[in-house]
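Below is one structure, written out as structure tokens; comments come after it.
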Amino acid sequence: MKVLAFAATNHKQSINKKLVKYATSLFQKKHEIKLIDLNDYEVVLFSPARAAKSGVPKKAQEFSDLIEWADLVVISFAEYNGSYTPVFKNLLDWASTTKEKLFVNTEMLLLATSPGARGAKGVLTQAANYFPFMGATVIGTFSLPKFSEHLTAQGISDKALHTELENLVLTAESTPVPVHTKTVTWVNKLSTLWIVIGYSMFAFVTLNGWLGAPWFAITTANIYWEIAMIAATFTLLIRPLYDLLPESDILRSMLKWRKGIGVISSGIVVGFWLSRNTSFTDPTIFFDYFRAEKWNFGLENILERTTEITAWTLFLISNKWMVLHANWLWHQLQKLAYVYFLSAAFLLSIIHEKTYGLVCLILFFVIYQAWIYKRIFNPKPVENHQSRLSQAS
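The sequence shown begins at 66 in the working numbering and counts up by one.
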């Protein structure tokens, strides 16, 4: 299990740093534990204008990546005026702009301590109520009152408190590691490979002509296209499915696959476009794409052009460099491209594939009707989501 642990403070002699360090010492040695210091992740004060102009600071993105890396996040909270410390709140505000649910598919163990008798329970309660809205599963909370009395060089002196923390660690260790941990990484890496292989196969078919190409090349090219359409359908349906069945561990894991699978789908479309509109022997083919007949207002034509343009957009901006350096407007463009690409690709699959398209349409309709029904008649509490900080307030 991959464990990320830190104290939510930049105080160099923080008692919460001592508590979180002690808590991680209770884990078995087989786990991979990263104990970080928020002094290494200090970022400029968050503001919507600064986010729009300069994008996400590198350190905030690194912090977000660490959270995505971890299966379990252990935080010990210092309490400032009943709430988070400014350094943690600011880092959280920045990191939460990198994705909609910063802690999705992440287990959390929340700790807090203070010199007084309350043991920073105010901030601990606030954190326990807040992080589930960010997608986290809070395994448990632990408050250590009167730090100087209860935590010594030998550990927690109060037997009941020691047993409570020890049991929380055992609970965390017994929680199954999400199956997405390695799969998500490989799905994202495979997107580039799919583009290369897809382009090679489509180019081979195009150079020989669809009628003159070997049967295996045409079959493989068609399979690639079907994979793109299935991936687009999967990506559209997984979110409402998860909302309907939030207790499903499989769906929770699959939720993190969406982006990688969506990029794979767009990569196939990019490969298909390159094979049809570029040629090593006839460069003029590229300019044929911009002729008027390619840009009429027929439904199928509109869907094809939308799919191609948004696929290229996703392909060009879905990478680490853009995540670090693109400003807020580019991230909004990525979200728009994602939605329009998936929608157009899904509708194309319905037009081109009668049987498959009909099945997808029925499935799509049933799931979204159930999702809408649940949203109307069993709504969730309104989320005070940090990624909405870009809105005026």
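Just so it is clear, CB atoms sit at the ideal spot from N, CA and C, and this is done for glycine as well.
Predicted model, so just to flag it, every value in this text is computed and none were measured.
| Asked | Found |
| --- | --- |
| Contacts around W377, its chain only, beta-carbon distance under 7 Å, and the 5 residues preceding and following it disregarded | V335 |
| When I221, F168 and I382 are compared against E133, the one with the closest alpha-carbon | F168 |
| Nearest residue (CA-CA) to S141, options Q93, N194, G184 and S408 | G184 |
| E229 - containing alpha helix (DSSP H), residue span | K224 to S239 |
| Same chain only: Cβ atoms within 8 Å of W360, ignoring 5 sequence neighbours per side | N366 and R370 |
| Of the listed residues L364, E229 and N155, nearest to V108 (C-alpha basis) | N155 |
| For T178: DSSP bridge partner residues | L209 |
| Which of helix, strand or coil DSSP assigns to M199 | helix |
| Distance cut-off 6 Å: T378 Cβ against heavy atoms of the ligand FMN | Because no ligand of any kind appears in the structure shown, any question about the ligand FMN cannot be addressed here. |
| In DSSP terms, what T469 is bridged to | Beyond the ends of the chain as shown, which are 66 and 458, falls residue 469; an answer cannot be given. |
| Distance CB(A160)-CB(F198) smaller than 7 Å | no |
| Identity of the residue in A402, K186, F196 and G181 nearest S213 by Cα | G181 |
| Between the CA atoms of T349 and M66 - distance to the nearest angstrom | 55 Å |
| Assumed close pair A70, V152 - CB separation to whole angstroms, cut-off 8 Å | The Cβ separation is near 17 Å, so there is no contact. |
| Beta strand (DSSP E) segment containing I140, residue limits | L137 to F142 |
| Endpoints, the beta strand (DSSP E) within which K99 is located | E97 to L100 |
| Euclidean distance between Cα positions of Y466 and A435 | With the chain represented from 66 up to 458, any question about residue 466 goes unanswered, as that position is not in the structure. |
| Rounded distance between the beta-carbons of T74 and T150, thought under 8 Å | 5 Å |
| Cβ neighbour criterion (16 or more within 10 Å) applied to T284 | exposed |
| As assigned by DSSP and simplified to three states, the class of S112 | coil |
| Cα-Cα separation, G187 to S179 | 11 Å |
| Pairwise C-alpha distance: E291 and F111 | 44 Å |
| Short Cβ contact (7 Å threshold) for A177 with S148 | no |
| Supposed close pair A402, T372 - CB separation, criterion 8 Å | 11 Å between Cβ atoms; not a contact. |
| Helix, strand or coil at L401 according to DSSP, with G and I counted as helix | helix |
| Under 7 Å between C-beta atoms of T89 and L100 | yes |
| Beta-carbon contacts of G206 that lie in its chain and below 6 Å, excluding the five residues immediately before and after | Looking at the sequence shown, residue 206 is not Gly but Thr. Counting only Cβ-Cβ distances below 6 Å, and skipping sequence neighbours, we find L175, L189 and A193. |
| Exposure of A114, with buried meaning 16 or more beta-carbon neighbours within 10 Å | exposed |
| Bridge partner(s) assigned by DSSP for S148 | Y145 |
| Cα-Cα separation, H245 to K83 | With a pLDDT of only 48 at H245, under 50, the local geometry of the prediction cannot be trusted, and the value read off the model is given with reservation. C-alpha separation (whole angstroms): 32 Å. |
| Cβ-Cβ distance between T162 and A201 below 7 Å | no |
| Minimum C-alpha distance to L157 - residue among S222, L310, S408 and L131 | L131 |
| Simplified DSSP assignment, three categories, for K67 | strand |
| Inter-residue spacing [alpha-carbon to alpha-carbon] between R341 and A125 | 41 Å |
| V249 burial status per 10 Å Cβ neighbour count (16 or more: buried) | Residue placement at V249 is poorly supported in this model, since its pLDDT is 48, which falls under 50; the coordinates still yield a value, given next. The residue in question, V249, is buried, as its Cβ has 16 or more Cβ neighbours within 10 Å. |
| Cβ neighbours of Y354 in the same chain (closer than 7 Å, five flanking residues each side left out) | N342 |
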